[in-house]
Amino acid sequence: MPMPPQPAFRALSDPTRRSILRLLSEREMSVAEVSQRFDMTRAAVRKHLTILEEGALIRVRRQGRETLNALRPEGLEPVHDWLSFFDRFWDARLDELKTAIETGESGDD
1 MPMPPQPAFR ALSDPTRRSI LRLLSEREMS VAEVSQRFDM TRAAVRKHLT
51 ILEEGALIRV RRQGRETLNA LRPEGLEPVH DWLSFFDRFW DARLDELKTA
101 IETGESGDD
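Mapping the sequence shown onto UniProt numbering, position 79 (from 1) lands on 79, and the numbers just tick up by one.
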């Protein structure tokens, strides 16, 4: 059963969380490492990471005393699936426009 997209959309709605995801796409990082990249407290970064985890967009694991965070690309599937509808919508509309241009049709009947 596919995951509902709402938690992922909530997580992606914030520009800081999108930036964090970009960082985590490069490599696994601790809360401290992520915090160093932003002008905010570790507690604030931890809250962002929690929302990303709730959205199933990151994987969190403990290694000793550290909590390591990594991008979970499959978490973006519900978002991709939802957006793919609009890809198909625009592809169809652009195909119609291309055909109209190629055949010289005008919408001014």
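Ideal Cβ positions, reconstructed from N, Cα and C, are used throughout, including at glycine.
Look at residue 30 and residue 54 and say whether their C-beta atoms are less than 7 Å apart. One-based indexing of the sequence shown puts residue 30 at position 30. One-based indexing of the sequence shown puts residue 54 at position 54. Contact flag unset, no.
Are there 16 or more other CB atoms within 10 angstroms of the CB of residue 80, so buried, or fewer, so exposed? Translated into the one-based positions of the sequence shown, residue 80 becomes position 80. Counting Cβ neighbours within 10 Å, residue 80 comes out exposed, since fewer than 16 surround it.
Buried or exposed, going by whether 16 or more other CB atoms sit within 10 Å of the CB of residue 64? Counting from 1 along the sequence shown, the entry for residue 64 is found at position 64. Residue 64 should be labelled exposed.
Taking residue 45 as the reference, which of 69, 25, 74, 62 has the closest Cα? As a working mapping, residue 45 is identified with position 45 in the sequence shown. Here the closest residue by C-alpha is 69.
Taking one C-beta from the region 8 to 15 and one from the region 75 to 92 each time, how about it: are there three or more such pairs within less than 8 Å? yes
Give the straight-line distance between the Cα atoms of residue 92 and residue 104, rounded to the nearest whole angstrom. Within the sequence shown, the letter at position 92 stands for residue 92. Within the sequence shown, the letter at position 104 stands for residue 104. Approximately 18 Å between the Cα atoms of the pair.
Please check the pair residue 71 and residue 25, which I expect to be a contact at CB under 8 Å, by giving their CB distance rounded to whole angstroms. If you number the sequence shown from 1, residue 71 lands on position 71. If you number the sequence shown from 1, residue 25 lands on position 25. Residue 71 to residue 25, Cβ: 5 Å. Contact.
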